[in-house]
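Just so you know, we're using our numbering here: the sequence shown kicks off at 36 and counts up by one. Here is the structure we will look at, set down as structure tokens.
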Amino acid sequence: MRAIAYIRVSTTNQEVLRQTAKVKDFCSAQSMEIVEEITDFGISGATMERVGLQKLLNVNKDNADVIVISELSRLSRTEEIMETLNSVYSIVKKGFKLIFFDDPSKIYEGTLNVEEIIILSVRAKGAADERIAIKTRNIEGKKVHFKLNPYAIVDGRVPLGFKKTENPTGKHPKYILAVDNEDSKLIVQIFDLIISGYSLAQVRNYLHDIGVKTKNGEYFTTQGLSMIYRNPIYKG
């Protein structure tokens, strides 16, 4: 059988490789030929705005016979159980067989009966609850790190005006923030403009006019400036 594999990860390239290897091993064991791999990388399950997922939901039955996904949570979105069910239904109604290889004995096809809807709903709710629990633990962990060291880097984000550097103590966290002398001048300029009476929109327009952009090469937005202004790391 011809198979299309869908892979979604929100973390690292290593995780992509791990999931890809798992899918290939599974399909090989089931005598399936993978004709296409669709990947959403760096995209959280908290959003349905995923290019790969939309491509998966638009594939034609002429392309393959079966859709293989590692687990239902790859389709799930926090607290959006109906969207998960709709995604499953939109796949099987086209004539595809759908397999989640964390439960390979069950093949969804044709339509969804009441029992299958209940099973999928319970599994999707469990995946959503697990994501919420993980998110809560991560937030609590970050609060602890920030309380111990307000310059700790716990999620890879480096605010404008700072740079990533190794923790000189050699303790956790491994990396902390250090002032970037060049970028910090821009932060001072932004706050000087606000203090002098500029609105955030006026600051945005001023930076746009003089060609100043963010680290990503994009123009500053009012929302982005608001986040800078409200960030406690710039206090003082």
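Ideal Cβ positions, reconstructed from N, Cα and C, are used throughout, including at glycine.
>> Taking the alpha helix (DSSP H) that VAL94 belongs to, which residues open and close that run?
In response: Translated into positions along the sequence shown, residue 94 becomes position 59. For VAL94, no alpha helix (DSSP H) encloses it, and the DSSP letter there is neither H nor E.
>> Between TYR264 and chain D, is the shortest Cβ-Cβ distance under 9 Å, so that the two count as touching?
In response: Chain labels in this structure do not include chain D; a single protein chain is all it has.
> Grouping DSSP H, G and I as helix and E and B as strand, with all else coil, what is VAL149?
Replying inline: Here residue 149 corresponds to residue number 114 of the sequence shown, with the count starting at 1. VAL149 sits in a helix when the DSSP states are folded into three classes.
> Thinking just about the alpha-carbon of each residue, which of TYR124, ASP97, GLU50 and ILE126 is nearest to the one in ASP75?
Replying inline: As a first step, residue 75 is located in the sequence shown; it is residue number 40 there, counting from the start. Residue GLU50 is the option with its Cα nearest to ASP75.
>> Quick check on this structure: which residue in VAL103, LYS96, LEU92 and LYS90 has the alpha carbon closest to the alpha carbon of MET67?
In response: Position 32 of the sequence shown, counted from the start, is the residue given in the question as residue 67. Selected option, being the one with the closest Cα: VAL103.
>> Please tell me whether GLU201 and TYR210 are closer than 9 Å, where the distance is taken between their beta carbons.
In response: Taking the sequence shown and counting its residues from 1, the one referred to as residue 201 is at position 166. Taking the sequence shown and counting its residues from 1, the one referred to as residue 210 is at position 175. Contact flag set, yes.
>> Going by DSSP in three states, TYR233 sits in which element: helix, strand or coil?
In response: Taking the first residue of the sequence shown as position 1, residue 233 is located at position 198. In this structure, TYR233 counts as coil in the three-state DSSP scheme.
> Looking only at DSSP bridge pairs, what is GLU71 linked to?
Replying inline: Within the sequence shown, numbered from 1, the residue matching residue 71 stands at position 36. DSSP, once it has assigned bridges, lists ILE39 as partnering GLU71.
> To the nearest angstrom, how far is it from the Cα of GLY259 to the Cα of ALA159?
Replying inline: Stepping through the sequence shown from its first residue, residue 259 is reached at position 224. Stepping through the sequence shown from its first residue, residue 159 is reached at position 124. GLY259 and ALA159: Cα-Cα distance of roughly 34 Å.
> From ALA81 to ASP164, what does the alpha carbon distance come to, in whole angstroms?
Replying inline: Residue 81 sits at position 46 when you count from the first residue of the sequence shown. Residue 164 sits at position 129 when you count from the first residue of the sequence shown. Low per-residue confidence applies at ALA81: pLDDT is 49, beneath 50, and the placement is therefore not dependable, though the value from the model is reported in the following sentence. Rounded to the nearest whole angstrom, the CA to CA distance from ALA81 to ASP164 is 12 Å.
>> Run through the DSSP bridge pairs and tell me what ALA213 is partnered with.
In response: In the sequence shown, the residue the question calls residue 213 occupies position 178. Under DSSP, ALA213 takes part in a beta bridge, and its partners are LYS198.
> Are three or more beta carbon pairs between the region 52-61 and the region 113-124 nearer than 8 Å?
Replying inline: No: the two stretches stay apart, fewer than three of their Cβ pairs being nearer than 8 Å.
> With C-beta atoms as the reference, is LEU107 less than 9 Å away from LEU155?
Replying inline: Within the sequence shown, residue 107 is the residue found at index 72, counting from 1. Within the sequence shown, residue 155 is the residue found at index 120, counting from 1. In contact: LEU107 and LEU155 (Cβ atoms closer than 9 Å).
> Given a threshold of 16 other Cβ atoms within 10 Å of its Cβ, counted over all protein chains shown, does TYR143 qualify as buried or as exposed?
Replying inline: The residue given as residue 143 occupies position 108 in the sequence shown. Taking all protein chains shown into account, TYR143 has 16 or more neighbouring C-beta atoms within 10 Å of its C-beta and is therefore buried.
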